[in-house]
Each structure stands twice: as structure tokens, then as C-alpha cells.
Amino acid sequence: MLDIGYIRQNSQQLKENIKNRNLSESVVNVDKLLEIDRGHSQLVQEIEILRAERNRIADKLKEGKKEALIEKGRQVKEMLKTKEALLVKVKSEYQTLLDWMPNLTHPQMPVGKDSTGNVERKKWGEIPKFNFKHQDHLTLGENLDLVDIKTSAKVSGSRFYYLKNEAVLLQFAIFNHALKKLVHRGFTPLIPPVLLKKRALYGTGYFPSEENQIYKLEAGEKIEDQNELYLSGTSEQAIVSYHADSIFKKGELPKKYVGYSTCFRSEVGSWGKDVRGIKRVHQFDKIEMICFTTPQTSQKYMQEALEIEEELLQDLGLPYRVIEMCTGDVGLATYRKFDVEVFMPSENSYVEVMSNSDLAAFHARRLNIRYEKNGEKDYVHTISATGITNTRPLMAILENYQQEDGSVKIPPLLQDYLEMDLIRPKSQR
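Laid out in C-alpha cells, this is it:
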């Protein structure tokens, strides 16, 4: 969310930003916003004048009834009613246009219209070379009795799954390792709620632009406080909102959280894509890093989060690459973004497992999160980065560590956690 004063003074820069982000003018239109802004200001002035006139007439009438004043008062009241109704409509249109205005863009963000414009910044690790016919994660998972898609389809529908046996142990071993690492790096652990009010989704930029990705709760009876509730798509939404309407005191920044939650996403628009196995699902568990920083230090802590993401994949021995996302492949709230992708042998390509975004002051403006600065108050910046999830890293471990006999080696780091070094097919147990 941008300040309207900034938009008024930098309209040409914002038009270029919208063009670089490949956004449609039918949704994001600076000229239309400024036109409505001018009309809104004029309308507010007219209403203030009419209210003053109404009050003046009311004072005069106290001195004695006069037919002319009564008629004048009636006319002013009708005009005021009409203009106030118009103001409600104008405010709604104004807010809609403002809500779709994208964040500013970091000067180093590559310019591109879609994912083809993303730029590889780094590669790490050796891609495995198999002298046997390797299998994908679902085949391995079913043969090893780790993943059950068929039963979950009966119970919940498509794009759900059961994790079983060593897969469950792997998930908690990985999560435990990630939590320890992040706590040692100064992150405060937090388990947030997964049912959220609309403001949390709006405040973190998921509404209105990604509203179709969020599950809305349909209650059979009225919810306790009669507010609409939504299933969280990421703990970012709840953790950033944790500090809504608050002011960080001097010396309190940076404030770093590591959150754990189950996440829910509708995946609308992805039908037919990545449907095999547990690559793209409606429900998954995730550890998330959230940092509240000053504007001057947000890039520093974005880089720290990226270092941690890389460390976690290096700890697991998984080959990966770092991609800097281009202007046409990021959300409205994003100021700068990196994706970390792990190599998936079954696809002979890299697949996203982590993201890392600097949102600048976008969240803070919507949620009114500020900090004290030289006796004044300014908006904080926020960083949101994936710690680790339970699905794609598991996929990568199964595929990269598979053996010719169908077994899967456990990454050395996790062997003590699981008290084993190999997951064997059911036939060998």
C-alpha cells in the first residue's frame, strides 16, 4: 500500500512500475486513481461547506422560526444527503483502486513480463547421476509406505495426502533442526492461529489480489464474534498482524520471529499443473521467518534470511539454486524477492522450495505498524521468508537420495534424529 501523497507526486514513476510488473490498466490505473482523488477532495470540501451552512441555519432557527430559513435548511439537508451518499460510493471506488496499487520495486529487481525474466544468482551442490532407472517421489513414497494419496482422496478429495512412518519422523526431524537453528540466530518461536479475520489477509497483501487462493470458513451457525474467518495460507499473515496498530520502541528492532503452522491454499488456477504426488497440495506444514526492521536495514535481514535458507538445504545435502524474481513474476506487495529451488531428478529441473520477500512498508501501512525514530514515528519494513516446509523437501530427499534397490538414504544430518540411515522398501523389512 502506497501513500496517496507519494502517488500524487510520482505518478510517472508508478506508471512505469505498473508497466514493468505487466499489470493491466483495467485493474491498476494511476490516472483514474488521481482523477477520483481530486473528485474526492472536492466532494469533501463541498460537504464541509454544506455542514457548516446546516449548522448556521440551525443556530438562526433557535432565534425564531422563519419560513425562508426552514426551506433553506430543508434544501441544504437534501443536498448534504445526496453528496454524502455520493462520497460513500467515491470512497469505495477510490479504496479499490488504491488497494490494487503495487508496491515500489527494488532498483536491482530484474525487469521481465513473467517467469522467463527471472535471473539465476547462484547454484550449489552436485546433481545426482544414477546408473539405474530412478523413480519419482510418489512411486518411492508409496513403495516405502511413506505417502498415501489414494486414501486421502477418499477422505478429503484431490491434492491431499497422508504422511506415514519415516516420512513423519523426517518432517519433525527437519523442523526441529530448523527451529533450533533459527532460535540460535535470535528468532522468537511462535505458533499462531490459523483462522484469521479479513484484516490480517488484507493487511499482508493477500486481499484483494489473491483472495481466490484463500479458504473462507462457512459456519453452520453464527461465529462467536460474528466476524468472517479464513484459513491461513501462511503464518506470515498472523505473525505480521501480531503487531498491528503497535509502535516499536527505540532499540526493539529488528524483531525476528520463527512461526510454525499448517497452511491452506485453494490452488485455483493451477488445475492440471503439478498434480502428481505432494508437489502442489491444499494443505501443508511450514516454518516461516518474519522480520520487522527499519527501512535502512531491511535488505540486510533479507540477506540473513536467504543465508539461513541456503544453510538448511546445504545441511540436508540437497542441490539448489537461488533465483531473483523479476518484476512480472511477483505479487503486489513485493519490493524484492528471491526463490530457492531444489533439483528434482524426476523432472530434471529445479523446483521452488522456499521464497524470500522484502515487502518494504506495504504491510506496515495497511496494518499501522510503526517504530520510534528521532522523536517521530515511521513505518517499519517487513521480511517474509520460508524456513522449511514438509512436502517439497521430502520430495527432494526421496528423489536425490534414492538407491537402486528402491531404498532411500537418510541425509547424514538426520540419521541421529531417526536412529537409522536407510529407509527400506516394505518387502525388505
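Position one of the sequence shown corresponds to residue 536 (our numbering), numbered consecutively onward. Glycine is no exception: its CB is placed at the ideal position from the N, C-alpha and C atoms.
Could you work out which residue in Tyr855, Leu902 and Ile932 is closest to Glu655 when comparing CA atoms only?
Tyr855
Coarse secondary structure for Ile904, derived from DSSP in three states:
strand
With respect to the alpha helix (DSSP H) encompassing His916, which residues constitute its N-terminal and C-terminal limits?
Where His916 is concerned, there is no enclosing alpha helix (DSSP H), although the beta strand (DSSP E) it sits in stretches over His916 to Thr924.
Assuming Asp780 is part of the alpha helix (DSSP H), what are its boundary residues?
Per DSSP, Asp780 belongs to no alpha helix (DSSP H) and is neither H nor E.
Minimum C-alpha distance to Ser833 - residue among His817, Ile662, Ser892 and Trp659
Ser892
Measure the CB-CB distance between Pro743 and Trp635 and report whether it falls below 9 Å.
yes
Judging by CA-CA distance, which residue of Pro724, Lys624, Val565 and Lys821 is the nearest neighbour of Ile542?
Val565
Just to confirm before moving on: does the CB-CB distance between Thr924 and Ile904 stay below 9 Å?
No; because the gap between Cβ atoms is not below 9 Å, this pair is not in contact.
Thr674: which of Leu933, Ser561, Asp956 and Glu619 sits nearest, CA to CA?
Leu933
What residue range does the beta strand (DSSP E) around Arg871 cover?
Arg871 to Met879
Can you tell which of Pro642, Tyr629 and Glu588 has the C-alpha that lies nearest to the C-alpha of Val562?
Tyr629
Give me the residue from Gln963, Gln548 and Leu622 with the minimum Cα distance to Pro642.
If we check each option's Cα against that of Pro642, Gln548 comes out closest.
If you measure from the CB of Met644, is any heavy atom of the ligand NAD nearer than 8 Å?
With respect to small molecules bound, the structure shown includes none, and the ligand NAD cannot be examined in it.
For Gln818, which three-state DSSP category applies?
strand
From what residue to what residue does the alpha helix (DSSP H) around Thr769 run?
Where Thr769 is concerned, there is no enclosing alpha helix (DSSP H), given that its DSSP letter is neither H nor E.
Relative to the alpha-carbon of Thr640, which residue among Asp864, Thr829, Thr769 and Asp572 has its alpha-carbon at the smallest distance?
Closest by alpha carbon: Asp864.
Gly922 and Met837: beta carbons closer than 9 Å?
no
Is the beta carbon of Leu568 sitting closer than 9 Å to the one on Leu622?
no
Counted within 10 angstroms of its Cβ, other Cβ atoms place Thr651 as buried (16 or more) or exposed:
exposed
Buried or exposed: where does Met955 fall if 16 or more other Cβ atoms within 10 Å of its Cβ makes it buried?
exposed
Taking only runs that begin and end inside the region 712 to 758, name each unbroken alpha helix (DSSP H) of 4 or more residues, in chain order.
733 to 738
When the Cα atoms are used, what is the spatial distance from Asp874 to Ser890?
4 Å
What residues in its chain sit with their C-beta under 7 Å from that of Val816, if we drop five residues either side in the sequence?
Same-chain partners within the cutoff: Arg694, Phe695, Tyr696 and Thr926.
At the level of alpha carbons, what is the spacing between Leu698 and Lys785?
45 Å
Using 9 Å as the threshold, is the C-beta distance between Thr739 and Val775 below it?
Thr739 places its beta carbon less than 9 Å from that of Val775.
Quick check on the DSSP output: the alpha helix (DSSP H) that includes Thr674 runs from which residue to which?
For Thr674, the enclosing alpha helix (DSSP H) covers residues His672 to Asn678.
What are the start and end residues of the alpha helix (DSSP H) that includes Ser627?
Glu602 to Asp634
Any idea which residues DSSP pairs Cys826 with across the strands?
Lys791 and Ile918
Between Ala713, Gln772 and Gln937, which lies nearest to Glu842 when the distance is taken from Cα to Cα?
Ala713
Determine the direct distance from the alpha carbon of Gly852 to that of Tyr920, and round the result to whole angstroms.
It is Ala, not Tyr, that sits at residue 920 in the sequence shown. Rounded to the nearest angstrom, the two C-alpha atoms are 20 Å apart.
As assigned by DSSP and simplified to three states, the class of Thr651
Helix at Thr651.
Just to confirm, is the Cβ distance from Leu615 to Ile605 under 9 Å?
no
Nearest by alpha-carbon distance to Met644: which of Gln950, Met860, Tyr914 and Ile945 is it?
Met860
Thinking C-beta only, is Tyr906 closer than 9 Å to Phe783?
yes
State the start and end residues of the unbroken beta strand (DSSP E) segment that holds Arg927.
Arg927 -> not in any beta strand (DSSP E); alpha helix (DSSP H) instead, spanning Arg927 to Asn935.
CA nearest to the CA of Asp680, picked from Ala868, Glu560, Val943 and Leu949:
For the residues Ala868, Glu560, Val943 and Leu949, the minimum Cα distance to Asp680 belongs to Val943.
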